[in-house]
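The sequence shown begins at 323 in my numbering and counts up one residue at a time. Even for Gly, the Cβ is constructed at its ideal location relative to N, Cα and C. Presented below is the structure to which this report refers.
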Amino acid sequence: MWLYLVIAFVTYVSWMLYWNLTDALPGPPLYLPLFANALQLGVNPLHYLKNLVRWAKDYDRRIFRLWLAGDYHAILSNPKDIEVILSSTEVLNKRGIYEFLRPWLGDGLLTSDSFKWHSHRKMITPSFHFQILKEFLGTMNRTSTKFVKKLRIISKDKKIMDIQEVVHKCTLDIICETAFGVEMNSLDDENQEIVTCINDLCFILTERMYSAVKRFQILYIFFPVYYKLKKQLNVFQTYMHKIITERRAGLPKEFDNAESTNAYYSKRKLAFLDNLLTARIDDKPLSYQDILDEVSTFLFEGHDTTASAVSFMFYTLSRHPHVQEKLYDEQMSLSDDPNWEPSYEEIQEMKYLEMTIKECLRLFPSVPGIGRQTTVPMEINGQYIPAKTILILLIMSMGYNEEYFDKPCEFIPERFLPDNRTGANPFDHVSFSAGPRNCIGQKFAMMEVKAIMCKIVRHFRILPPVDDLKTNGIFDMSTSMKNKGRTKWDATMSAVLTLKSVQGIHVRLEER
Ligand code: HEM
């Protein structure tokens, strides 16, 4: 007990010293010393996101600060400030909030820094070459057809359904088969344990990230959730171990030496897991831990993000039948054969679908915030930021900025017509981030969402959960949640690592 009191006192004193030395930004008042702004931020991922977006608007989208249990955070939401960070080749450090992902994702591409990040980014980039993506399209098409069949069963008689869970299964099956060569078959209700495990891990780690108490390891071990986390990490890593060892066993023997690996490399491009298993950095193969970290990172990042995008596509389309009709027309102009499978080139021709996805991500970005940590003091457009500040780039608030988007709460895919983007600031919405640490899977993701949604639009009309809904389902989170005629069917956004709707995304489907 005494030890905790001493630690609390030392943290408090150092926090006060640091605060006096560094604080130059506006921010919510600090009522309680140790907890600082943590209690104002809220108690669950729904509150965190809502309060951050509200503050961003209250502070006129200028940079504002938050103190969370001894850590100084600067929140950015203005494209001009965001541009400074994303285009920098210096501010690439991912410490800070990403620390809480480390027990799960280790030092994978999303969470690593410096030499490791550089060398791994260089090594993994060829796995997302368009020639490899072309080979993935077969899996994406096949799984989308299976998804349509599954939806036909669960949406029978226009039954209201929450789309999020089944979409997750679809994108999980796609990433496992394309990146790891493993048939997960979660759409056939196999491997349910791993599906639940991933959901639990997302929730437990987000909750810890913003908790004033659970952040501290010495306190965290007293919460039952710590033991649940350990159990689910064990389930996850055992599963990953199976994937890695089975794949390694299937590799040809010639990969045992560097020369033949290089020869093989020069002949063809390798898919993700084979690439990891055969890669050499400074002439050494990757360690088992390195491989585990990357496989875990790509399994999570490669399916949870696209699941969010596809789910919110269902949501927005269910409220915008005229957009659906335009999408349907585009599909029919490519082919009216019900069994048609698009080629890579035809996927590129789906321009209206692409604009619709961009518009959906503007309003419902799968990754609602990005973090960085400064290592030295810096200035962002004249604003002093101390060293060791955790920067949060609040993508969620950017799409609702009236200065950059006219009528931001209206769903208008045509905003993204090339002519309408002339003169637009390229940093006004950065759903896939930008600069050196942008999303490595952006092309993979666009192709996947298109492959899934083109099938959906061809086979179904997506309907809202009930007829005569009075809202279009799009609300600026910075304004009050209560007074806008919201219904129980309207999404309530929460940042459980990726964007999700707390009460589900409910739609009905009608066969075309
Ligand atoms: C709609 C889908 C997706 C969206 C909106 C999205 C968005 C993003 C964003 C905003 C970042 C920057 C995160 C940060 O800096 O903390 C990011 C990074 C990343 N994404 Fe994606 N992503 C999507 C799909 C994917 C897919 C399908 C993959 C893999 C197959 C993937 C793999 C990654 C990785 C590994 C990083 C870290 C890159 C680095 O730091 O070098 N993402 N993504």
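- Residue ranges of uninterrupted beta strand (DSSP E) with 3 or more members, entirely inside the region 668 to 740 and ordered along the chain, are 692 to 695, 700 to 702, 705 to 707, 712 to 715.
- Shown here, residue 378 sits in a helix according to DSSP, grouped into three states.
- Excluding its 5 nearest sequence neighbours in each direction, residue 481 has C-beta neighbours in its own chain below 8 Å: 830, listed in chain order.
- Residue 771 has its CB nearer than 7 Å to a heavy atom of ligand 1.
- Assignment of residue 762 by DSSP, reduced to helix, strand and coil, places it in the coil class.
- Within the model, the alpha-carbon separation for residue 417 versus residue 632 is close to 30 Å.
- As the crow flies, the alpha-carbon of residue 452 is around 43 Å from that of residue 364.
- For residue 360, the Cβ stays outside the 7 Å cut-off from all heavy atoms of ligand 1.
- In this model, residue 552 and residue 537 are separated by some 15 Å (Cα to Cα).
- At a cut-off of 7 Å, the beta-carbon of residue 761 counts as near ligand 1: some heavy atom of the ligand is closer than that.
- Looking only at 796, 419, 773, the smallest Cα-Cα distance to residue 455 is reached by 773.
- Counting only residues of its own chain and dropping the five nearest sequence neighbours on each side, residue 459 has a CB closer than 8 Å to the CB of 664, 665, 666, 669, 769, 773.
- Residue 823 sits away from residue 375, with the two beta carbons spaced by 8 Å or more.
- At a Cβ-Cβ threshold of 8 Å, residue 385 and residue 712 do not count as neighbours.
- DSSP, reduced to helix, strand and coil, places residue 560 within a helical segment of the structure shown.
- Contact between residue 685 and residue 779 is ruled out by a C-beta separation of about 19 Å, above the 8 Å threshold.
- It is roughly 6 Å from the alpha-carbon of residue 366 to the alpha-carbon of residue 529.
- In the three-state DSSP reduction, residue 469 falls in the helix class (H, G or I).
- For residue 620, the CB falls within less than 7 Å of some heavy atom of ligand 1.
- With fewer than 16 neighbouring CB atoms inside 10 Å of its own CB, residue 661 falls in the exposed class.
- For residue 512, there is no enclosing alpha helix (DSSP H), since its DSSP letter is neither H nor E.
- At least one heavy atom of ligand 1 is found less than 7 Å from the C-beta of residue 497.
- Annotation for residue 753: 683, 687 place their beta carbon closer than 6 Å to its own, counting only its chain and skipping 5 residues before and after.
- CA-CA distance, residue 777 to residue 435, rounds to 39 Å.
- Setting aside the 5 residues that flank it on each side, residue 794 is surrounded in the same chain by 641, 642, 731, 732, 733, each with a C-beta closer than 8 Å to its C-beta; the list follows chain order.
- Within the same chain, Cβ atoms closer than 8 Å to the Cβ of residue 447 are found at 762, the five residues on either side in sequence being excluded.
- As the crow flies, the alpha-carbon of residue 555 is around 47 Å from that of residue 655.
- In this structure, residue 681 has its CB at a distance of at least 7 Å from all heavy atoms of ligand 1.
- In this structure the region 484 to 495 lies against the region 620 to 638, because at least three pairs of beta carbons, one per stretch, are closer than 8 Å.
- Sequence-distant partners of residue 693 (beyond 5 residues in either direction) whose C-beta falls short of 8 Å from its own C-beta, in its chain, are 416, 418, 419, 420, 712, 713, 714, 715.
- Counting every other CB atom within 10 Å of its CB across the protein chains shown gives residue 703 a total below 16, marking it as exposed.
- Residue environment analysis places residue 518 among the exposed positions, since fewer than 16 neighbouring C-beta atoms fall within 10 angstroms of its C-beta.
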